[in-house]
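Colleague: Input: one structure, supplied below.
Numbering (UniProt numbering), first residue to last: 1 to 958.
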């Protein structure tokens, strides 16, 4: 055990990158030019695979450096936690293997978002006080990397230098205090580093060799496949799927067909690009493709840069699978979603509970638990049906049968569902029965998920007071009290049989539903599932029968007494039902070949790997796919990367090298926002460029999805011409007259409008971010009027406000306060985000604040075409752009073209044409003048030419 710990300590992943970080002094970190001359331009083509991987190494180091530098400049806002003790590990060895165990002080404010809970990959500063600035670090600090967390409080860290404070803590515990201050998390960068520096023997080079190509024969086909007519087979498969689901358009069908045809080829590797401009049904197409691959039993990994994107594509697939499911949720065991549940906010996605890996493991552990799990309950039910009299005799003799309510508070109590279903059956409302049952199942899953989550927390916080409660909130003490009451009133045979049968039946129903839901179809056949469902029906029928039969008759039946003619029919029904139940139950397997916690040699890691290895479709972030590089992992055939244009090429190297992967499908749009890069040096070296963009620029064929179903034609007109060369068609749905919505009166508030705010004044906040309070006032007035109108008309409207600068987003959010709901399900919702935050989103009405207002036409990064594309393509029914027309028209950017286009189309309006807006502008100008008296003094001279003088470079260059 000790040897294993030492090996684990020395095998810290990404050690060479960590050593880079540990070598930096504070001066190095703050020096923006430290790697300026070492970071080279990443080329479009590469001479070898070694050259390819090497080209990303220094830009990655510089990006890590910039991330850490940014963190140090905002040190006063960093999260921190107090340290109780620091001890050296067994593997501690100078000069570099400085491993420590750190015990944190438990916080009394566990639910406080400001409480720091360290995670794997966190880079922390260990200090003797909570730093308020960089100067505080200069006195005494040690940088350490967290490489292990146990029970939230015990950390395993690798330190940059010896932690000398540990001695003072031991000698004078009362006076010594240490803190761990969060700096950055290095997990993703470490995983990229691993992918770039992987041992050549461990690499899968099939796809890497493909991305190194410089010339693409887009029409070339595999001759071996052609001779074997495999392409016609693929066509037949897709045609079959197309018939069953005719909601794809021609371009979507062509893309799916091409991808499935490629999958059929086992002779060479290929990369497919699906180009999905805004509103063209990219996620829908991917969902359809994945559903087809699931039916073809193709083991596929689907990943995306962010948790949000992963959840979106998973939900789309689950929706399609659920709609076409033949036997309830059977088959979902072939699908696995894994990742950090808290960061994914999985609690908000009830429809994904059945495929989320952590939830699956917890549920199946309950199904295979000793005494209350599948095997024991199945055998117990068979035993009860075989000879209930013997069990009743034992009960009567002992009068203390703990198996009645054998639930320790950590097990799932399934009474809720059975009671509700039974209540519905008694009501006899057959028309609503199925929908009501679905509601109950949904509620049950929610309760189970929350209970399992709470149990995990209880296990982690083992030092807390143990309060064990079951799902209904009934404490164990109350259960024991009920047992004592029962013992005081012995049950007769019918009462005993009903209660014992009900107890076993409830647990069997719970296990059956979760076994066919969570086990892969390779481990539980359709015939077994049919038998299980038949057994459930049979048990429910038998339960109804014993509830109706008189106690005397039931006694006589199981005693095999002589029967009267009146009871013959009842005895016959009981006998047939009992034999049928026994026959079906005995046909069911009592065990399944899966690892579980009931086996004392099994751990969670083994279970995770087992379910990942046996799934056909696996979903995770690109970064998390690094976990699939483990030995023994069953290889994938196909890799699908959604939002591929938002992914740094070096990060895509993680899944591209997974063992067994033969083909990759990249879905994205390089004309929208790319990956975010913090370092200017790395950005200029094209570190943020995606593989999708590079291949497209070299002439690799893209399957264009060419019909958009989101934007009204008036909205799509400009971006289609400006960004997509008029290649995108408007779908029939957006052409309908009913798609035109009039939410406010006046031409200014038609489907597409530029609202000119000439009086605005841009300003810079303390964080050097730009804002425009006059535009804030205008947008506030528009949204207020919209809310008033919607309230009267009782329409349901979702509004999105987009601003390019954080300061403007904050100013608008502050102005709105809590006036409007952000819940998309409410009648009127308002979402305020930056352009980056809105990528992938859409709303009924979008209001864009362009912020910039100056005489020079300077618009900073607003001029970025990709950013402009995202902002202009989020609206469904109305797009209202608020800005200074003169500034934008003089900007020599895409915004200049937009203003000219708006004027030509008669969509350009001055804000002060609306009386309400004019008043709002006037009030905002007064407020600004009150804050800046010098500005008010200059007002009389506003008409002079001095008004258009350029501002200082610190403002205009942003």
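Even glycine gets a Cβ: it sits at the ideal position worked out from N, Cα and C.
Would you mind stating whether residue 98 and residue 84 have Cβ atoms separated by less than 8 Å?
Modeller: No.
Colleague: Ordered along the chain, which non-local residues of its own chain (more than five positions away) have a Cβ less than 6 Å from that of residue 625?
Modeller: Excluding positions up to five away in sequence, the list reads 303, 654 and 655.
Colleague: Starting from residue 639 and walking both ways along the beta strand (DSSP E), at which residues does that stretch end?
Modeller: Here the beta strand (DSSP E) through residue 639 covers 638 to 641.
Colleague: Please report the distance separating the alpha-carbon of residue 384 from that of residue 515.
Modeller: Distance between the alpha carbons of residue 384 and residue 515: 22 Å.
Colleague: Quick check for students: name the residue ranges of the beta strand (DSSP E) that lie wholly in the stretch 848 to 892, counting only runs of 3 or more.
Modeller: DSSP runs (the beta strand (DSSP E)) wholly in the stretch 848 to 892: 875 to 883.
Colleague: Does residue 72 come out as helix, strand or coil in the three-state DSSP assignment?
Modeller: Reduced to three states, the DSSP call for residue 72 is helix.
Colleague: Assess contact between the stretch 854 to 867 and the stretch 734 to 747, defined as three or more Cβ pairs (one per stretch) separated by less than 8 Å. Is contact present?
Modeller: Judged by Cβ distances under 8 Å, the stretch 854 to 867 makes no contact with the stretch 734 to 747, as fewer than three pairs qualify.
Colleague: Would you give the residue range spanned by the beta strand (DSSP E) that residue 763 belongs to?
Modeller: Run containing residue 763: 762 to 764, per the beta strand (DSSP E) assignment.
Colleague: Apart from the five residues just before and just after residue 69, which ones in its own chain have a Cβ nearer than 8 Å to its Cβ?
Modeller: Answer for residue 69: 29, 30 and 32, listed in chain order.
Colleague: What's the C-alpha gap between residue 500 and residue 531?
Modeller: Taking the straight line joining both Cα atoms gives about 23 Å.
Colleague: If contacts are defined as beta-carbon pairs under 8 Å, then residue 285 and residue 638 qualify, I think. What distance do you get, rounded to the angstrom?
Modeller: Contact doesn't hold; Cβ gap of about 15 Å is too wide.
Colleague: Nearest to residue 959 by alpha carbon, out of 80, 101, 81 and 52?
Modeller: Residue 959 is absent from the model: the chain starts at 1 and stops at 958.
Colleague: With respect to the beta strand (DSSP E) encompassing residue 268, which residues constitute its N-terminal and C-terminal limits?
Modeller: No beta strand (DSSP E) contains residue 268, which DSSP labels as neither H nor E.
Colleague: To the nearest angstrom, how far is it from the Cα of residue 556 to the Cα of residue 583?
Modeller: Taking the straight line from one Cα to the other gives about 23 Å.
Colleague: Any idea what DSSP makes of residue 145, helix, strand or coil?
Modeller: Strand.
Colleague: Could you pull out every unbroken beta strand (DSSP E) segment of at least 3 residues lying fully inside the stretch 679 to 704, listed in chain order?
Modeller: If we require 3 residues or more, the beta strand (DSSP E) runs fully inside the stretch 679 to 704 come out as 702 to 704.
Colleague: Which residues share a DSSP beta bridge with residue 843?
Modeller: Residue 843 is bridged to 875.
Colleague: From the DSSP output, in three-state form, read off residue 711 for me.
Modeller: Of the three classes helix, strand and coil, the one that applies to residue 711 here is coil, per DSSP.
Colleague: How many angstroms separate the CA atom of residue 922 from the CA atom of residue 73?
Modeller: About 38 Å.
Colleague: Take every Cβ of the stretch 781 to 790, pair it with every Cβ of the stretch 817 to 831, and state whether three or more of those distances are shorter than 8 Å.
Modeller: Yes: at least three Cβ pairs fall under 8 Å.
Colleague: Roughly how many angstroms separate the alpha carbons of residue 275 and residue 198, rounded to a whole number?
Modeller: Going from the Cα of residue 275 to the Cα of residue 198 covers about 31 Å.
Colleague: Which partner residues of residue 803 appear in the DSSP bridge assignment?
Modeller: DSSP output for residue 803 lists 834 as bridge partner(s).
Colleague: Which two residues bound the contiguous beta strand (DSSP E) that contains residue 909?
Modeller: Segment 908 to 910, the beta strand (DSSP E) holding residue 909.
Colleague: Taking only the alpha-carbon atoms, compute the straight-line gap between residue 67 and residue 50 and give it to the nearest angstrom.
Modeller: Computed Cα separation, rounded: 26 Å.
Colleague: Thinking C-alpha only, which one of 121, 925 and 373 is nearest residue 759?
Modeller: For the residues 121, 925 and 373, the minimum Cα distance to residue 759 belongs to 925.
Colleague: What does a CB cutoff of less than 6 Å around residue 733 pick up in its chain, not counting 5 residues either side in sequence?
Modeller: If we look at residue 733 and ignore the five residues flanking it on each side, its Cβ neighbours are 709.
Colleague: Within 10 Å of its beta-carbon, does residue 677 have 16 or more other beta-carbons around it, so buried, or fewer, so exposed?
Modeller: Counting Cβ neighbours within 10 Å, residue 677 comes out buried, since at least 16 surround it.
Colleague: So what does DSSP say about residue 24, is it helix, strand or coil?
Modeller: Three-state result, residue 24: coil.
Colleague: Got a sec, what are the start and stop residues for the alpha helix (DSSP H) residue 495 sits in?
Modeller: Unbroken alpha helix (DSSP H) run through residue 495: 493 to 518.
Colleague: What's the gap between the Cα of residue 54 and the Cα of residue 196?
Modeller: Roughly 7 Å separates the two Cα atoms.
Colleague: Could you compute how far the alpha carbon of residue 745 sits from the alpha carbon of residue 307?
Modeller: If I take the Cα positions, the gap works out to 40 Å.
Colleague: Would you say residue 263 lies against chain C (beta-carbon separation less than 8 Å)?
Modeller: Here chain C cannot be found, since the structure has a single protein chain.
Colleague: From residue 420 to residue 590, what does the alpha carbon distance come to, in whole angstroms?
Modeller: Confidence is the limiting factor: at residue 420 the pLDDT is only 38, short of 50, which leaves the residue's position unreliable, though a coordinate-based value still follows. Approximately 28 Å between the Cα atoms of the pair.
Colleague: Does the distance from the CB of residue 882 to the CB of residue 847 come in under 8 Å?
Modeller: Contact flag set, yes.
Colleague: Consult DSSP for residue 931 and reduce its assignment to one of helix, strand or coil.
Modeller: Three-state result, residue 931: helix.
Colleague: Is residue 101 helix, strand or coil by DSSP?
Modeller: Reduced to three states, the DSSP call for residue 101 is strand.
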